[in-house]
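For the working numbering, count along the sequence shown from 1 and bump the result up by 2. Even for Gly, the Cβ is constructed at its ideal location relative to N, Cα and C. Have a look at the structure below, then the notes.
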Amino acid sequence: MTLLPSRRSLRRAAAGLATAALAATVLAACGSSDAGTGGSSAAGNASALRLGYFANVTHAAAVLGVADGEFQTALGDTKLETQVFNAGPAAIEALNAGSIDAAFLGPSPAINSYVKSSGASLRIVAGATANGASLVVKPEITSVEQLKGKKIATPQLGGTQDVALRKYLFDNGMKVQTNGGSDVDVVNQDNSQTLDLFRAGQVDGGWLPEPWASRLVIDAGATVLVDETKLWPDGQFPTTILIVAKSYLDANPTVVENLIKGELATIATIEKDPAAASTAINKAIGDLTGKPLSDEVMERSFANIVITPDPLASTYQAQGEHAVDAGLLKTAPDVNGIFDLRILNKVLTADGEKAVSAGGLGQE
3 MTLLPSRRSL
13 RRAAAGLATA
23 ALAATVLAAC
33 GSSDAGTGGS
43 SAAGNASALR
53 LGYFANVTHA
63 AAVLGVADGE
73 FQTALGDTKL
83 ETQVFNAGPA
93 AIEALNAGSI
103 DAAFLGPSPA
113 INSYVKSSGA
123 SLRIVAGATA
133 NGASLVVKPE
143 ITSVEQLKGK
153 KIATPQLGGT
163 QDVALRKYLF
173 DNGMKVQTNG
183 GSDVDVVNQD
193 NSQTLDLFRA
203 GQVDGGWLPE
213 PWASRLVIDA
223 GATVLVDETK
233 LWPDGQFPTT
243 ILIVAKSYLD
253 ANPTVVENLI
263 KGELATIATI
273 EKDPAAASTA
283 INKAIGDLTG
293 KPLSDEVMER
303 SFANIVITPD
313 PLASTYQAQG
323 EHAVDAGLLK
333 TAPDVNGIFD
343 LRILNKVLTA
353 DGEKAVSAGG
363 LGQE
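Right, here's the structure in full:
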């Protein structure tokens, strides 16, 4: 696990929030639809923030920030309500339906929603995690050519790993259902189901986020065919970002600022003692899923991620183009305006730290 970049700022954010409240109670429950945009009790101060995230290692900051109360402490009187999802498209559906106000998820469903709504649905306000996804397969599959005729799983159609798989196959001359072919059978299912079906020999592999890639490797004997870091310049790609419904962001910028402060404070906690943080994250995952990961899986998963509030905006034009090659979008999307990093950069620069870039695709 690697942490980037604003370490002094994140430590100070953690210290500040630690003195802001003595304790916090987090409601790990689905927000009710009648909360609307959080039931604003005063201008810019919603009574609730309904947050979606996944019980994955790639959501380390969210998992820990919810579990240890850091997010609730940062939010103060704004009640945190949470809902756990398997993949990004489901979280986007909830956001667009008004069931949640914000979510940690991957870039592909965020881009899709932004484009289809002509920019009205959401803004990306921070990063969370880079890297931590790979294509893992049966040991006898040692080349991309051997994927032909095989069944490969991803968490959900249109999710970040789903786009990555379809794009990779397209680049290697293989087409799937979404772009007019059937060289590889891409199936979309819950990650836990993929593990079970891989063990049963009913799927041949999966393009999966951590810890599921590591679970297939360690618990089920898979091997890594593609480490996604090898496909990106500088070896980094965004896996988890923080999005907020545009309507909620416009109405409640102070609440969003406090959520971002909570995320930065949690990142600082992880940085201060990664081993202790890893243990706490694993316990929280166990509480959410019914069983913690093995020490070996947790260690491997944690080593494969990069914790960073930078959303790596320079990759987003390519992300959109990948969705076209994957057959999920008809034309290269215009993602100009998808970022609103002003609040994140306000928090970072207030402590003398370097602002992160929107890559010309929004406000910073």
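Let's see if you can read the secondary structure: which residues bound the beta strand (DSSP E) around residue i?
i	result
K81	K81 to F87
F106	A104 to L107
D187	D187 to N190
F56	A50 to F56
I345	No beta strand (DSSP E) contains I345, which is instead part of the alpha helix (DSSP H) from R344 to A352.
What is the C-beta distance between residue i and residue j, in whole angstroms, given that I count them as a contact (C-beta under 8 Å)?
i	j	result
L343	G364	7 Å
T241	T60	5 Å
Q163	T156	5 Å
K177	D187	Actually they are not in contact, since the Cβ atoms of K177 and D187 sit about 12 Å apart, beyond 8 Å.
V205	V228	Not a contact, Cβ separation roughly 16 Å.
L1	A357	Since the first residue of the chain shown is 3 and the last is 366, residue 1 is not available in this structure.
N254	A64	Wrong, their Cβ atoms sit about 19 Å apart, outside the cutoff.
Suppose the cutoff is 7 Å on Cβ atoms and the five residues either side in sequence are ignored; what does the same chain contact list for residue i look like?
i	result
V165	S110, H324, A325, A328 and L330
N174	V146
N58	P211, E212 and P213
F172	N181, D327 and A328
Relative to the alpha-carbon of residue i, which residue among the options has its alpha-carbon at the smallest distance?
i	options	result
S136	V257, T196, W214 and F172	W214
Q321	T84, Q191, G161 and F73	G161
I245	A305, E230 and D312	D312
Q191	L171, G182, I154 and S184	I154
T196	S216, T180, N181 and D185	S216
L266	T310, P235, Q238 and A305	T310
E230	D353, Y170, P91 and L314	Y170
N193	D297, W209 and T180	W209
G121	S249, K274 and K152	S249
A112	N133, V258, Q319 and I269	Q319
Between which two residues does the alpha helix (DSSP H) carrying residue i extend?
i	result
T317	From DSSP, T317 is part of no alpha helix (DSSP H); its letter is neither H nor E.
W214	W214 to A222
K293	Element bounds for K293: n/a, residue is neither H nor E.
G129	Unbroken run through G129 is the beta strand (DSSP E), L124 to N133; no alpha helix (DSSP H).
K263	P255 to K274
D173	T162 to D173
F200	N193 to R201
Ignore the nearest five residues each way along the sequence and tell me which others in residue i's own chain have a CB closer than 8 Å to its CB.
i	result
S115	I94, L97, N98, S123 and L124
V28	Model confidence at V28 stands at a pLDDT of 32, short of 50, so the residue's coordinates are unreliable; what they give is reported in the following sentence. Answer for V28: V68, A69, G71, F73, Q74, L82 and T84, listed in chain order.
F87	G54, Y55, F56, A93, A96, A105 and L107
N338	G362, L363 and G364
Excluding sequence positions up to five away, which residues of its chain have a Cβ less than 6 Å from the Cβ of residue i?
i	result
I340	Y116, I126, L363 and G364
K332	none
V138	G207, A215, L218, V219, A224 and V226
K150	D185
Q158	A89, P91 and N190
A62	I283
Would residue i pass as an interface residue toward chain C - the criterion being a Cβ-Cβ separation below 8 Å?
i	result
G322	In summary, chain C is missing from the structure at hand, where a single protein chain is found.
The segment 281 to 300 in contact with the segment 63 to 79 per 3-pair CB rule at 8 Å:
Below 8 Å, enough C-beta pairs join the segment 281 to 300 and the segment 63 to 79 to call them touching: three or more.
Does the pairing of the segment 91 to 105 with the segment 275 to 287 give three or more beta-carbon distances under 8 Å?
Contact between the segment 91 to 105 and the segment 275 to 287 is absent, because fewer than three Cβ pairs lie under 8 Å.
Check whether the segment 73 to 82 touches the segment 292 to 304, taking contact to mean three or more Cβ pairs, one atom from each stretch, closer than 8 Å.
No, they do not touch.
Is it the case that the segment 188 to 200 contacts the segment 220 to 227, given that we only count it when at least three CB pairs across the two stretches are under 8 Å?
Contact holds: three or more Cβ-Cβ distances are below 8 Å.
Evaluate contact between the segment 243 to 263 and the segment 342 to 361, counting only Cβ atoms and requiring at least three cross-stretch pairs below 8 Å.
Judged by Cβ distances under 8 Å, the segment 243 to 263 makes contact with the segment 342 to 361, as three or more pairs qualify.
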